[in-house]
Every structure is written in C-alpha cells, then in structure tokens.
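Asker: Numbering (full-length UniProt numbering), first residue to last: 1 to 926.
1. Comparing alpha-carbon positions, which option in 687, 704, 542 lies nearest residue 965?
2. Alpha carbon to alpha carbon, how far is residue 781 from residue 663? Give it in angstroms, no decimals.
3. Hey, would you say residue 137 sits closer than 8 Å to residue 57, going by beta carbons?
4. To which residues of the same chain is residue 10 closer than 7 Å at the C-beta, ignoring the five residues directly before and after it?
5. On the CB-based measure, 16 or more other CB atoms within 10 Å of its CB, does residue 563 come out buried or exposed?
6. Tell me the start and end of each unbroken beta strand (DSSP E) in the segment 868-912 that is at least 3 residues and wholly inside, in chain order.
7. Which of helix, strand or coil does DSSP assign to residue 16?
8. Is residue 416 near the ligand FMN, judged by its Cβ being under 7 Å from some heavy atom?
9. Can you tell me which residues form a DSSP beta bridge with residue 639?
10. Locate the alpha helix (DSSP H) running through residue 115, then write down its first and last residues.
11. Tell me where the beta strand (DSSP E) around residue 479 begins and ends.
12. With distances taken Cα to Cα, identify the nearest neighbour of residue 361 among 66, 406, 299.
13. If residue 822 and residue 849 are in contact, beta carbons under 8 Å, what's the gap, nearest whole angstrom?
14. If you follow the beta strand (DSSP E) that residue 328 is part of, which residue opens it and which one closes it?
15. Between the beta-carbon of residue 566 and the beta-carbon of residue 592, is there less than 8 Å?
16. One question on the structure: do residue 311 and residue 239 come within less than 8 Å of each other, judged by their Cβ atoms?
17. Can you give me the Cβ contacts of residue 80 inside the same chain, cut-off strictly under 6 Å, excluding the 5 residues immediately before and after it?
18. Just to confirm, is the Cβ distance from residue 201 to residue 254 under 8 Å?
19. By the 10 Å Cβ neighbour count, where 16 or more other Cβ atoms means buried, how is residue 728 classified, buried or exposed?
20. Please check the pair residue 461 and residue 483, which I expect to be a contact at CB under 8 Å, by giving their CB distance rounded to whole angstroms.
21. What residue range does the alpha helix (DSSP H) around residue 209 cover?
22. Thinking residue 298 and residue 283 are a contact (beta carbons under 8 Å), I'd like their distance in whole angstroms, please.
23. Less than 8 Å separating the beta-carbons of residue 76 and residue 29?
24. Hey, residue 249 and residue 210 are a contact pair by Cβ (cut 8 Å); roughly how many whole angstroms apart?
25. CA-CA distance, residue 290 and residue 614?
26. Closer than 7 Å by C-beta to residue 390: which residues in its own chain qualify, once you throw out the five before and the five after it? Chain order, please.
27. Reducing DSSP to helix, strand and coil, say where residue 494 ends up.
28. From residue 474 to residue 42, what distance separates their C-alpha atoms?
29. Whole angstroms is fine: what's the gap from residue 433's alpha carbon to residue 441's?
30. For residue 228, name the three-state secondary structure that DSSP assigns.
31. Should the segment 271-288 be called in touch with the segment 359-373, which here means at least 3 C-beta pairs below 8 Å?
32. If you compare alpha carbons, which of 219, 308, 316 is closest to residue 351?
33. Can you give the Cα-Cα distance for residue 364 and residue 152, rounded to whole angstroms?
34. In terms of alpha-carbon separation, which member of 528, 576, 115 lies closest to residue 145?
35. Roughly how many angstroms separate the alpha carbons of residue 628 and residue 585, rounded to a whole number?
36. So, for residue 398: in the same chain, excluding its five sequence neighbours on each side, which residues have a beta-carbon less than 6 Å away from its beta-carbon?
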C-alpha cells in the first residue's frame, strides 16, 4: 500500500475475518481492487476493449477510468453507518482505532445506509466540488459505485444517503475526500476527470464498467488471494494473486484462410465424407463478407446442419471482430447437454495456443458427467499448455472448467458457455448482478438455436436482450427451421434499434423465400440461400382419433416393416397410447417423454439416436416410438412414418422434420413420407372438434389455424422445404385464414389468444430491464427487482409458467432400506446411509429427479403435495449438509414403485415413467 495515506484513512477498515481476528484497511482493499481491474482489462477480448477506447479515445484513459472506479468503489465504507459493524462481528477494537483519529459515531445505527449508496452520494458531491460537475452527468460515473453490489439505488435513496453524510463529523468527510483525491492521482484519472465530469458516459460503458468493478471487488475480497494482516506492497500482492488465480485470456481464433470445403473437413472430421452444403457455405461466406459485426438469422430446413453452419460463422466472426468466446443457447436442458458435447468437439478442432474456460449453464449442469470430467479437481494438466505447438495443435482439451467461473453468477463469464436460452434472457431481467450477464454476452458470439421456441413472454425478454446486444455491436446468430415472418421482423428490428441507437432498420419482405439468410446491423438485407436438398414430398392425412383407428393404421402401415413415430401433446396421452400399442402390436414399442428420471430419459434418447440416427448400423426392422414434444427438437432420429397430434403449424412441421430425415432405402409401402394428423375428436365437424388435452397445451387459436392449413393440403400433400415458409406464414397472420364456416369460432379464439398475449407481455414487462437507448444512467436500473435468477426458481421469471416441483425418487424396501431406482449408475443397489450420504451417492440421487405434473403442482393442490412429501417416513435431516441434496424433496416409492400424493395414486416404471392417476368427482382414483 502507498505509505502516504493519512493515519485517519489507514485506520478505516475494509475487510475483516472474525474467525482469525485479522482485518484489512480500506485503502489497501481499494488499491488491491484497482490493481485487479487493471489485470482484468488485459483479459478482455478486443471487442470490449474497443468499446472503452471508442468512448475514452485512448487505452490509457480507458484504463484510468476503470481503475479509478475500482479504486473508489468502497468509498462509502468510510462512514459511521459502516464502521460500527465491526462491533457486530466482535472486532470492536477497529472502531476504537478509528476513534483515536476522530472518526467517531454511534455504537449502533438501527437502519444503516448501504455503503455503496453512501459512496455514490459522496462521489457525486466530490465531483461537483472539485470539477463543477453537473448532477445528471456526474451520475453516469457515480452510479457505477452505487451498483457494485449488484443493484442500483434510486434517486430518493441517494438523497437519503446525502443527508446521512452531511450529518457526520468532519473527519469522515475528509477521509472520503482523501480517498477520491489520492485514487484520482494513483490511477492517473486526475487528468481526465474534468472531462468525464462533463461528458456523457454511454450506458453500455456504465454497465460493463460496473460488471468489471464487481469482478475486481470479488477477487480482491478473496482472503486466500489477498491476505489480511500486514500486507506486502500492492503491486506484489496483485501480481501474486492473479498468478495464483490464473484467469484465462480471451479466446483468440485466427481468421481461417481455408476455403469452405477444407475448413469444414478440418472442423468436423467426425462427419463421414465431410463437405459443407450450400447453406453452410452461404453463412460462412456471409460471415467473411461482413464489414462490421451484426446479426445473422438463418432459416433453413430441419436436418440441414445449422449447428455446424453457426459454428463456422462464429469462428470467423470471433476472429474478425475480436470476440472472446461463444454463447450457445438452446430451448431446454435436455437439448443443451448434447450440444455441450458438440461444441467441445468443435472447439478441439479450432487452432489456439491456450486452453479456454467453458461452462455448461443450467440448473442441473453438475449432473452432466462430461462437464464433471472437465472440473479442476479432475484435471491432471495445467490450465495453459506452454509447450503447445506453433501450429496451434494441442495435446489437451481446448476448454476446461475454471474454478472461478463455477458459481452460477460467474458461469456466463467463461470464454465459452452452452446452456438454456434462459441464460441469455436473464440479461433482460431486472435482477441482481444483471451487469455480469451483459459482460458475459457482450464479449461473445451469441448463438440462439430453435429461436421459434420462445413464446410471446420469452420473446419480450429476448427482444430487450437483442437491443442491448445491438448496442454493444455483439455478433448474434439466430437459427430456426420454422420462424414466423412477424417474429423474424420483430427480433431483427430490436437488434437494429440497439445498434443504431433508437432507429430500427426496415426489415424487407422476403415473400416466403426459403431457406433464408438475413444480415442486420444499421441496415437489413435478406437473401434466399440456394440449397442442394432433395425435395421431400409428404402426404398429409387426417386421422380419426379413436384408439382402434390408431392401432389399425400402425398395423397396416408397418406390415412390411418400418420405424414409426407417434407424437402426443401430453404425457398422459402418450402413456395411454404406449400401453395400447404395446398390447395390440407384435413389434417393439418404446416410450419417451419428460417425466422419466433424467438418467432413464438420457439412456432412452441415446439408444434411439444409436438405432434411428443418421449413422445407425442397427436400425430395427419394425419399431414404434411413442413420445411427446421431446421428439420435436434436436433429436437426430429418422422415422419412416409419423402420426402426430395436431399442434401449432410450425411445430407440426418440426415434427415432420423427423420423417424421412435421412437418405436411405424405405420399407415397401413407405417410400413416400406420410404424416397422419390426430388429436382431433372429429374432423368432420365445423370446425373440427379439437381434443381437450391439445387445447389445454396450446389453446384453440393456433390449433384451428394449423388444422385449416393442413386440411388444405390433404389432396396435394406438402413439399419440404419449399412449403415450410408458406404454411408457417399462414398460421401466424394477424387474422386466422380458415374456411368461412369456421370464422365465428376462429375469430373468437383469436380474440382470446390476443387478450392472453397482451396479459403475458404485461407480466413480462413488470420485470423487464430498461431500454438501452434510454440516454441515462444506472440509477434504479433493477429497482423493484425480480427474484434472483440464481435462485432455483428464478428462471420462472423469463418463462411464463407456474413453478414446478422437482422431486428425488427413492425406493423404500420392505426391510426399511432406502435405495435409488434401478439403472442409476453404480449406486442403485446402495442403501441410503443414515446421516449425510456419501458425495457419490448424493450426486447420483440428485440426478434421480422428476418434475411433478401440473395436476400436482397447481396452486389448488401444491400445499397438500408438499406436506405429503415433507411427511415422508424418512429422516432426511442429513441431506442439509450435502450440497447435492440440500433443500430437495423426496418422493418415496415402495418396491413396486407406488406411492400416493394428495390422494393421487403415483406409479413409476422404467417403461412408463411417472404415472399420476386422476381423481374422480368423488375424490377417488378414477
């Protein structure tokens, strides 16, 4: 620490450890933080550094700004409202030491002001007195200090803090001024502060600076890195700490010089006869031709290799525009896990000298075995391979998990992040530490797959996030096979509005061109992409919804063999269909849905891919796969015949995308792809009578639109991919395009849907982060915050659904022993230990979760269900000591897999998954 701090300033404490009695002075912590943020600057990718340099003109000025902000972030700790807290932790001698320097105050303050708010208030006063700063302009700097604990105070809170400071004895005021004066000198900010005080700091820079200050504070507050007691000189402390922490630098791929064919073979050697198709070549060329970072929206058929296309483009965009990594967002955890493997395999083929950091970002990432294998304690290699060959070859993984990025709030800051789309949407949510999510996304190429899967509520957040990413000029890649034109237009417009600072660019009418590539920055260009895909004709046949008709249809169609998929809209309907077909057919029938234990579902899906995937060597002669929406996305499996419940038009097309997906010889009679549309009680009524289950899931409006669109092609069939945009566009027009006789019913359904849409958007906007185009500061940025997304239930704020209940399934034998269900790794036969289970057993148990259906988690029943779960005949108190099991609920089944919850009989088997029997009107099981 500098030796010219006054005795009064040196007496102020910044950090304490009551357990050891050690403490750290406030000036030392501030110097440590300033030193850390300077090191963090060197770890930022070029695009982030460029944003700062564009704002401050020179790198020197940008670094001075950052180090000054970090150097005064805890300014408010030099106050009576903070100092007395030493008494509360048994270190009252620190208050005595301050008192000897005239720094006195009350021994107790009933409602102390947060030190971040006090710091912001004093810095604002100091800027006004020293540099005649105007309050509104000064707030653009001071708000960074007020928000360094993750949320920003409001104007009224700052006024209250100013009143507190004015009432304090003079020595406190003098110490705070000294901190500001000396930090300005120490960081070199003194020569720039007059200009900053009069200059508008863009809100993007405010957000990113606040994020870096938070990171620096967290690192400098780690006593293992920055010991308390008698510290060594600051420069040495910072060098030693950062050398031990060893944060990775940004991902730095070189601009690939190979032509598309050679590059594709190098990046995807596992693909047999690897050559890029026309769509992959087109997006690669687009990325190479962009003069500035922007948004790429790729709309292309299912099974056309959009993932590989995005990876090729992301590498080029990262190399050309200095991005530090990639974020890959998927609709669900189930789709995120296999994508994590694919992204890792791709990264291993991208030349680079250093090992980057990687995160799998969703609430159950710790249960992913591949991810666990990359944890620091499972690695025998150093993070950096100093002996890497000059050609960029590696002897180790290209990306490992770095311990500092393992916290949920930090995971987004790793170089590469694969997770659910929620992780991106959180950047649009009023929640603590949202600025960290902005830094994490702004520094990467952001890829959102299956973007059509975001409903109106989620798109409210997605559009706001795209506005912010446009402001940061962050490259974004959106992908979908079935994106409605109106949704494309609103997503692209949101990005361009942020990009231009308030003027959304005109999005051209593409006249149903498909496949389509849209490039957006300050302008928007859309162009059809040539495709080499062989057109697939699909017969569309309405199917009576009787079970007898279903059995006869499947039996007739598979008489010469074949692989059929039957997709139902609800789990209960899928289970009933599975049991019927298993009884009536003389072939193998498999069931897959979301209500299996995670390991059981993963095993089923892996087996399906092995048997029905692109490279399957053991394709069954005859099989029927019954499933729900889990068959809709990201499972690369191929059916000869499809029977699906009616669903919104784009989702029906997604399901059809699993039909004749790969080039192979089809069984006799199934040479032409055929899709039967079920889930309608009566196709002959006006309009068709939709089944209750489908209506409950999707609502009448999109189902009637889809029914009309597909009924019109019963005679002609459809041709993929050319008919995809026409059908999607028709299903999402402002007014339902249905037969005249359907109009009264369809119009009423559309009005109900519009009312629900408005309600959904209004709910989302209650927690929506403010518009980046608003030329202001961060004061009140997340005032009235949503629940913390790092809370297990936080994600519900970006999905318009009620909280579900996840339970760990256990089996209690007749002898009283408790074990895990069969088929759960190596621990199924182990009995649960009394007290705290072993870490291995606890992790296996944590993977044995299943979500209870809405019939057991709705508001009318949830309290009874939780009471039953908490009244299980087991002592689970030892679970609270396990990080895997803490706070979890257990569903205890008997040896036959049965139990009861709130009167509902429950049954679980590896064939059916979780079965919940409904109650009749009398309250008895129906």
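Here a beta-carbon is modelled for each residue, glycine too, at the ideal position from N, C-alpha and C. Quantities reported herein were computed from a predicted structural model and do not represent experimental measurements.
Answerer: To lay it out plainly:
1. Only positions 1 to 926 of the chain appear in the structure, and residue 965 is not among them; the question remains open.
2. 53 Å
3. no
4. 25, 27
5. buried
6. 889-893, 898-901, 904-909
7. strand
8. Here there are no bound small molecules, and the ligand FMN is not part of this structure.
9. 659
10. 115-131
11. 476-480
12. 406
13. About 16 Å; that fails the 8 Å criterion.
14. 326-330
15. no
16. no
17. 105, 168
18. no
19. buried
20. About 17 Å separates the two Cβ atoms, so there is no contact after all.
21. 203-220
22. 6 Å
23. no
24. Not a contact, Cβ separation roughly 22 Å.
25. 34 Å
26. For residue 390, the predicted model reports a pLDDT of 40, less than 50, meaning its position is unreliable and no value from the coordinates is stated.
27. helix
28. 19 Å
29. 13 Å
30. coil
31. no
32. 316
33. 30 Å
34. 115
35. 20 Å
36. 347, 348
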